[in-house]
Amino acid sequence: MLLCSVAHLVQRFRGEILFQLDQFEIHTGDKIGLIGANGCGKTTLLKLLARECEPDQGVIINPVPIRFFHQQPLPEEITPSLSRMSQGQQTAARLQAFFTQPAALAFLDEPTTHLDLPSRQTFEAQLATLDSFILVSHDQQLLRQFCTRIVEIRDHQILVWEMTFDHWLLEKENQRRRQQREYEKRTKKKAQLLRAAEQKERQAAKLNRKPKRMNSREFRLRRFIATRKSFDGKQKAMRKTVAHLQARIDSLPPAEKPKVLPVMKLDLLINPPPQAKVLVEAEMFSYGYPGRPLLHQASFRILNFTRTAIIGPNGCGKSTLARLIADRAEGLRFAPGVRPGLLDQQLDLLNPDETILQNALRLSVQKEEVIRTVLSRMLFPQDTLNKKAAILSSGERVRLALVCLFCSACNMLILDEPTHYLDLPSVQALTQLLQTAGQCVILISHDPALIRQTCTQLLRFENQKLISLAVEDWSTTRTSKPPLEKTILQMRLISLEEALRQQPENPALQDQRDALIVQLRQFI
Numbered sequence: 001m002l003l004c005s006v007a008h009l010v011q012r013f014r015g016e017i018l019f020q021l022d023q024f025e026i027h028t029g030d031k032i033g034l035i036g037a038n039g040c041g042k043t044t045l046l047k048l049l050a051r052e053c054e055p056d057q058g059v060i061i062n063p064v065p066i067r068f069f070h071q072q073p074l075p076e077e078i079t080p081s082l083s084r085m086s087q088g089q090q091t092a093a094r095l096q097a098f099f100t101q102p103a104a105l106a107f108l109d110e111p112t113t114h115l116d117l118p119s120r121q122t123f124e125a126q127l128a129t130l131d132s133f134i135l136v137s138h139d140q141q142l143l144r145q146f147c148t149r150i151v152e153i154r155d156h157q158i159l160v161w162e163m164t165f166d167h168w169l170l171e172k173e174n175q176r177r178r179q180q181r182e183y184e185k186r187t188k189k190k191a192q193l194l195r196a197a198e199q200k201e202r203q204a205a206k207l208n209r210k211p212k213r214m215n216s217r218e219f220r221l222r223r224f225i226a227t228r229k230s231f232d233g234k235q236k237a238m239r240k241t242v243a244h245l246q247a248r249i250d251s252l253p254p255a256e257k258p259k260v261l262p263v264m265k266l267d268l269l270i271n272p273p274p275q276a277k278v279l280v281e282a283e284m285f286s287y288g289y290p291g292r293p294l295l296h297q298a299s300f301r302i303l304n305f306t307r308t309a310i311i312g313p314n315g316c317g318k319s320t321l322a323r324l325i326a327d328r329a330e331g332l333r334f335a336p337g338v339r340p341g342l343l344d345q346q347l348d349l350l351n352p353d354e355t356i357l358q359n360a361l362r363l364s365v366q367k368e369e370v371i372r373t374v375l376s377r378m379l380f381p382q383d384t385l386n387k388k389a390a391i392l393s394s395g396e397r398v399r400l401a402l403v404c405l406f407c408s409a410c411n412m413l414i415l416d417e418p419t420h421y422l423d424l425p426s427v428q429a430l431t432q433l434l435q436t437a438g439q440c441v442i443l444i445s446h447d448p449a450l451i452r453q454t455c456t457q458l459l460r461f462e463n464q465k466l467i468s469l470a471v472e473d474w475s476t477t478r479t480s481k482p483p484l485e486k487t488i489l490q491m492r493l494i495s496l497e498e499a500l501r502q503q504p505e506n507p508a509l510q511d512q513r514d515a516l517i518v519q520l521r522q523f524i
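In this text, residue positions in the sequence shown follow the UniProt record's numbering: the first is 1, and each later residue adds one.
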């Protein structure tokens with residue numbers, strides 16, 4: 001059954017084409033993963049398909065009811081009880097209500113944001129009951145597990161791939177390699193023709209040079225005897241060859257180098273760190289709301305130059321504790337010179353009515369030229385700096401908030417779910433930055449991989465206390481031994497890598513290696 005059809009779609013933003021699509025249909029049973037970089041228009045496309053807004057050009061037909069789970073609660077969803085919940089609890093409650101509404105087609109925009117592991121598992125069980133949906137997510141495991149078609153927004157085009165996420169990854173890599181080989185082949189051919197043309201040019205020029213001890217008449221006579229052509233004839237033949245070579249160069253198809261998507265480049269403009277060993281300390285600290293204690297007589301310490309993850313289920317008080325530390329709450333002891341800076345889930349650092357540049361400058365202790373450079377490295381080109389923060393995508397707002405924090409006077413970073421809405425390259429860039437951060441970092445995240453890769457210690461909420469433990473201990477209690485299948489795949493991959501060292505240009509071996517890598521990703 002046809003659920004939605006699109007024809008000749010064009011959508012613009014500020015006069016520029018955001019994306020375009022010729023033909024696209026959604027049928028019963030389609031489970032579509034919608035992917036693309038931050039700000040490419042994924043949420044806009046969902047709103048168009050749901051008829052929440054009209055396209056600039058094109059026809060959209062959706063004859064069936066559509067359910068739409070938005071990134072943020074709609075005004076009609078916000079109730080007194082919902083407003084008292086944590087972000088994760090709000091998302092879980094909204095998802096529960098969402099799945100009780102019948103519809104032939106569902107749109108889900110970043111539905112796992114803020115969810116802890118139990119809520120995530122509940123969501124996955126509910127998602128498995130849907131017949132047809134479009135899922136926007138940067139979570140590769142989710143896309144891998146549920147999606148049978150991939151729709152990609154890239155270079156202002158909407159590309160439809162009739163394959164699973166793993167096959168899409170493999171096809172994209174194969175496509176990149178084919179394009180790279182073709183680029184190298186054409187570049188090499190062009191270089192050969194250019195060298196040949198230059199050589200003929202030199203030969204033609206050499207014909208006009210006579211030895212110093214030979215007069216001009218003797219030079220012309222000897223050259224004619226040697227070449228059986230007059231000077232003009234030989235010169236003309238040379239020039240004709242050069243022209244022919246130049247024509248061949250001009251006729252070559254353009255050698256297009258494979259495009260590499262821009263990746264944000266993060267730098268911490270580090271302020272002088274405090275000199276103390278212990279930056280934040282609490283003894284017998286209690287906090288909560290009426291009828292809902294979060295911490296009761298809890299004790300903890302945050303050490304200098306450590307990266308501490310605060311973990312626990314949705315609603316236990318992680319974000320509240322982050323806010324208490326950022327606000328230097330009574331009952332907490334701080335070392336002299338500590339200046340906490342908080343990136344919260346609501347991105348309160350940003351003023352939606354200000355431009356990108358105004359937001360970045362407001363808390364900055366850096367000069368404007370430095371801020372402009374940092375913004376450029378965070379994928380905000382100079383011609384976008386006058387855009388209002390209100391019109392940015394969620395991922396772009398997170399990037400801008402990171403700029404505001406990194407350029408401020410703080411010397412202790414508090415990051416509350418910083419990877420929400422970020423695309424995979426941006427998450428990887430943030431991970432690398434945190435791994436080498438030369439200052440104290442407090443991280444709140446439900447992403448075990450991010451915690452294991454970046455943090456040096458943990459504080460876990462447990463029975464209204466904070467339990468300190470090493471990352472290694474936490475990881476080993478949650479990571480089982482790799483299954484036999486994974487071990488076998490790893491051994492095969494080692495063998496293939498060895499074979500590729502002997503035959504680096506063998507495309508069959510490269511394809512086998514890529515397929516194995518895709519299979520191994522399911523165990524991550």
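Think of the CB as a built atom: it goes at the ideal place given N, C-alpha and C, for glycine as much as any other residue. All values derive from a computational prediction rather than experimental measurement.
- Looking from the CA of residue 154, the closest CA among 108, 471, 260 and 130 belongs to 260.
- One alpha carbon belongs to residue 388, the other to residue 339, and they sit about 28 Å apart.
- Residue 318 and residue 511 have their C-alpha atoms roughly 45 Å apart.
- For residue 80, the secondary structure class from DSSP, reduced to helix, strand or coil, is helix.
- Burial state of residue 421 is buried, judged by a 10 Å Cβ sphere holding 16 or more other Cβ atoms.
- Per the C-alpha coordinates, the member of 314, 77, 289 and 263 positioned closest to residue 116 is 314.
- Put simply, the stretch 16-25 does not touch the stretch 118-126. Fewer than three CB pairs are less than 8 Å apart.
- Under DSSP, residue 68 takes part in a beta bridge, and its partners are 107.
- Under the three-state reduction of DSSP, residue 257 is assigned to coil, being neither helix nor strand.
- For a cut-off of 8 Å, the C-beta gap from residue 64 to residue 127 is around 19 Å, too long to register as a contact.
- For residue 393, the secondary structure class from DSSP, reduced to helix, strand or coil, is coil.
- In terms of CA proximity to residue 307, 279 leads the group 279, 254, 84 and 401.
- A residue is called buried when at least 16 other Cβ atoms come within 10 angstroms of its Cβ; residue 501 does not meet this threshold and is exposed.
- Here the alpha carbons of residue 445 and residue 451 stand approximately 7 Å from one another.
- Straight-line spacing of the CA atoms in residue 438 and residue 273 works out to 9 Å.
- Contact between the stretch 5-15 and the stretch 81-89 is absent, with fewer than three C-beta pairs closer than 8 Å.
- For residue 367, no beta strand (DSSP E) run applies, since DSSP gives it neither H nor E.
- Annotation for residue 427: the continuous alpha helix (DSSP H) segment containing it runs 424-435.
- Residue 7 sits exposed, since fewer than 16 C-beta atoms from the chains shown fall within 10 Å of its C-beta.
- Here DSSP, grouped into helix, strand and coil, assigns residue 178 to helix.
- At least 7 Å separates the beta-carbon of residue 453 from that of residue 419.
- Judged by DSSP secondary structure, residue 45 falls within the alpha helix (DSSP H) whose first and last residues are 42-49.
- Excluding the 5 residues flanking it on each side, residue 405 has same chain C-beta neighbours closer than 6 Å at 341 and 343, in chain order.
- In the structure shown, residue 404 adopts helical secondary structure according to DSSP, grouped into three states.
- Only residues of its own chain outside the window of five on either side were considered, and among them 309, 451, 452, 455, 456, 457 and 458 have a CB closer than 8 Å to the CB of residue 471, listed in chain order.
- Of all alpha-carbon atoms in 376, 513 and 417, the one lying nearest the alpha-carbon of residue 403 is that of 376.
- Assignment of residue 514 by DSSP, reduced to helix, strand and coil, places it in the helix class.
- Here residue 42 is near residue 136, since their CB atoms are less than 7 Å apart.
- Apart from sequence neighbours up to five positions away, the residues of its chain that approach residue 32 with a beta-carbon distance below 6 Å are 134, 149 and 151, ordered along the chain.
- DSSP, reduced to helix, strand and coil, places residue 16 within a strand of the structure shown.
- Closest in C-alpha terms to residue 112, from the list 129, 131, 90 and 328, comes 90.
- Around the C-beta of residue 284, fewer than 16 other C-beta atoms lie within 10 Å, and the residue is accordingly described as exposed.
- Per DSSP, residue 58 is one residue of the beta strand (DSSP E) stretching across 57-61.
- Assignment of alpha helix (DSSP H) within the stretch 308-389, counting only whole runs of 4 or more residues, yields 318-326, 356-362 and 368-377 in chain order.
- When DSSP states are grouped into helix, strand and coil, residue 471 belongs to the helix group.
- With contacts defined as CB atoms closer than 7 Å, residue 401 and residue 264 fail to qualify as a contacting pair.
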